Ligand code: NI
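Numbering (our numbering), first residue to last: 62 to 219.
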């Protein structure tokens, strides 16, 4: 396992569309483990493979709920959305930027897990938000382009 370098704002790769995973091999599993380790190290809620420079349709999500394991979604597809929520959002690729955004309140997503099994997740609230944010990354879309105007906050750590 290894911590990977996060691609940040200004890196053109973030605007590229990721490709479907055709075979879940050792290299993919290693990538997934590295993504989990990198996300956890940075206290992130989600991470898409493109954010570590790999244009493959893989995301990991952890909403840090007691007893809930991180989600690993390969080739995820949002098949249903319902309602709306206005939420605060950030992104590991935009480490100092936070803003309000409108996301669906509920989603249903289909994907493969790391064993290649088909899974379907019904998500709401933070998990729904995270799924939408990460699937956007796979399509070359970043949250900053969708925020509610006037809500951007730039946070300096010093
Ligand atoms: Ni992000």
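Ideal placement from N, C-alpha and C gives every residue a C-beta, glycine not left out. Small disclaimer: the values here were computed from a predicted structure and weren't measured.
Where residue i falls: helix, strand or coil (DSSP)
i, result
"residue 113", "helix"
"residue 136", "strand"
"residue 203", "coil"
"residue 74", "helix"
"residue 188", "helix"
"residue 88", "helix"
"residue 97", "helix"
"residue 141", "strand"
"residue 195", "helix"
DSSP bridge partner residues for residue i (one or two, in chain order)
i, result
"residue 124", "According to DSSP, which records beta bridges pairwise, residue 124 is partnered with nothing at all."
"residue 146", "164"
"residue 119", "135"
Cβ-Cβ separation, residue j to residue i (assumed contact under 8 Å), whole Å
i, j, result
"residue 169", "residue 120", "About 16 Å separates the two Cβ atoms, so there is no contact after all."
"residue 204", "residue 126", "The pair is not a contact, with the Cβ atoms about 22 Å apart (cut-off 8 Å)."
"residue 105", "residue 194", "Not confirmed; about 11 Å, so no contact."
"residue 134", "residue 172", "4 Å"
"residue 161", "residue 209", "5 Å"
Proximity winner among the options, relative to residue i (alpha-carbon distances)
i, options, result
"residue 187", "166, 171 and 70", "166"
"residue 144", "137, 164 and 85", "164"
"residue 70", "136, 112, 79 and 142", "112"
"residue 73", "83, 118, 148 and 154", "154"
"residue 185", "100, 147, 208 and 176", "147"
Q. Which ranges does the beta strand (DSSP E) cover as unbroken runs of at least 3 residues, wholly within the segment 151-183, from first to last along the chain?
A. Qualifying beta strand (DSSP E) stretches, in chain order: 155-164 and 167-173.
Q: Pull every residue with its beta-carbon under 7 Å away from any heavy atom of the ligand SAH, and keep them in chain order.
A: Although the ligand SAH was asked about, the structure shown includes only the ligand NI as ligands.
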